[in-house]
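Only one structure is covered here, and it is reproduced in the block below.
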Amino acid sequence: MTTKFKGLKLASTKGAAHLKSLMRTQVTQLIKHERIETTLAKAKLLKRFADKMVTLGKKGKKRHYIQASSFVREPEMVDKLFTEFAERYRERDGGYTRVLRTRRRKGDNAQMAYIEYIDRPDEIRVPLPPKTESEKKEIHEKFLQDTTRFREIKMMGEAVAVEISAEELQTSVEDWENNKLEADDEDVVEIAELDDPPEETASSKGENK
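Position 29 (the sequence shown) corresponds to 452 in my numbering; numbering is contiguous.
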């Protein structure tokens with residue numbers, strides 16, 4: 424059975440009420456742990472509600488707090504949205520979570536995935552060394568060279584395509600004319616052969632008598 428919930432679809436045998444309850448529980452757990460594993464289909468659905476809760480926390484007004492409280496099951500997690508998350512994602516306009524495919528679940532072979540809030544304190548990041556001015560200039564020059572080369576290749580390809588098309592057209596016309604002439608010659612030969620009366624043999628003369 425496919426259940427419709429907030430414009431989205433998810434296979435469920437227990438209806439939309441059960442699905443909404445499941446989303447509330449998983450959103451609460453995601454806010455608490457900031458990373459959970461579930462099926463890929465549920466993770467994609469969960470992402471929409473998890474991002475919406477952060478948006479409510481960033482808005483910070485009383486009516487937004489009431490809306491978040493009506494969905495998130497634990498008051499402590501609602502407070503976390505309006506304090507820690509609101510500060511963490513203050514400069515970000517959206518995309519607070521990401522979904523990462525992991526493994527196939529044993530038994531039903533369902534695709535599993537992690538859904539997590541980005542920029543977590545425990546998130547492992549490899550720091551990149553700062554680029555010097557010479558490195559930045561070299562990267563910019565390489566970008567310009569690649570762009571120019573791409574344009575040249577594109578223009579060359581278009582010119583070759585036009586030239587090939589013209590050659591193919593000329594070849595097709597010549598082939599058609601040659602085939603037509605050969606066909607006309609064959610027709611003339613056949614007609615000429617039919618116009619010539621067959622020679623009478625000795626046996627045919629005897630039969631006619």
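Positions of the beta carbon are idealized from the N, C-alpha and C atoms, including for glycine.
Within the same chain, show all residues whose beta-carbon is closer than 7 Å to that of Gly511, passing over the 5 residues directly before and after it, in chain order.
Within the sequence shown, numbered from 1, the residue matching residue 511 stands at position 88. Note that residue 511 is Arg in the sequence shown, not Gly. Asp542, listed in sequence order.
To which residues of the same chain is Gln534 closer than 7 Å at the C-beta, ignoring the five residues directly before and after it?
Looking up residue 534 in the sequence shown gives position 111. Once the five neighbours on either side are set aside, the close Cβ partners of Gln534 are Thr462, Leu463, Arg524 and Arg527.
From Lys485, Ser557, Gly530 and Gly517, residue whose alpha carbon lies closest to that of Asp502
The residue you call residue 502 lines up with position 79 of the sequence shown. Among Lys485, Ser557, Gly530 and Gly517, the Cα nearest to that of Asp502 is on Lys485.
Do you know offhand how far Ala509's Cα is from Gln568's?
Here residue 509 is taken as the residue at index 86 of the sequence shown, counted from 1. Here residue 568 is taken as the residue at index 145 of the sequence shown, counted from 1. Each residue's Cα considered, the two are about 43 Å apart.
Please classify Val450 as buried or exposed, where buried requires at least 16 other C-beta atoms within 10 Å of its C-beta.
Position 27 of the sequence shown holds residue 450. Per the 10 Å Cβ criterion, buried.
Going by DSSP, which residues form a beta bridge with Glu539?
Residue numbering aside, residue 539 sits at position 116 when the sequence shown is read from its first letter. The partner list for Glu539 (beta bridge, DSSP) reads Arg458 and Arg521.
Buried or exposed for Ile459, please, with buried defined as at least 16 other CB atoms from any protein chain shown within 10 angstroms of its CB.
Taking the sequence shown and counting its residues from 1, the one referred to as residue 459 is at position 36. Answer is buried; the Cβ neighbour count reaches 16.
Do Val522 and Lys467 have their beta-carbon atoms positioned less than 8 Å apart in this structure?
If you number the sequence shown from 1, residue 467 lands on position 44. If you number the sequence shown from 1, residue 522 lands on position 99. Yes, the Cβ-Cβ distance between Lys467 and Val522 is below 8 Å.
Beta carbon of Leu504, beta carbon of Leu469: below 8 Å?
The count along the sequence shown starts at 1 and reaches residue 504 at position 81. The count along the sequence shown starts at 1 and reaches residue 469 at position 46. Going by C-beta atoms, Leu504 is not nearer than 8 Å to Leu469.
Which class does Asp610 belong to by DSSP, given the choice of helix, strand or coil?
Counted from its first residue, the sequence shown places residue 610 at position 187. Reliability fails at Asp610, whose pLDDT of 46 lies under 50, so the model's placement of it is uncertain and the value that follows must be treated cautiously. Helix.
So within the segment 474-538, which uninterrupted alpha helix (DSSP H) runs reach at least 4 residues, ignoring any that extend past its ends?
485-492 and 498-503
Helix, strand or coil: which one does DSSP assign to Leu442?
Taking the first residue of the sequence shown as 1, we reach residue 442 at position 19. Leu442 falls in the helix class under three-state DSSP.
Since Thr520 and Ala473 are thought to touch, with beta carbons under 8 Å apart, how far apart are those beta carbons, to the nearest angstrom?
The residue labelled residue 520 in the question sits at position 97 within the sequence shown. The residue labelled residue 473 in the question sits at position 50 within the sequence shown. With 8 Å as the limit, Thr520 and Ala473 qualify as a contact, their Cβ atoms being about 5 Å apart.
With distances taken Cα to Cα, identify the nearest neighbour of Pro498 among Glu575, Arg447, Asn532 and Asp516.
Here the question's residue 498 lines up with position 75 in the sequence shown. If we check each option's Cα against that of Pro498, Arg447 comes out closest.
Could you have a look at Asp545 and say whether DSSP puts it in helix, strand or coil?
Within the sequence shown, numbered from 1, the residue matching residue 545 stands at position 122. In the structure shown, Asp545 sits in coil (DSSP, three-state: anything other than H, G, I, E or B).
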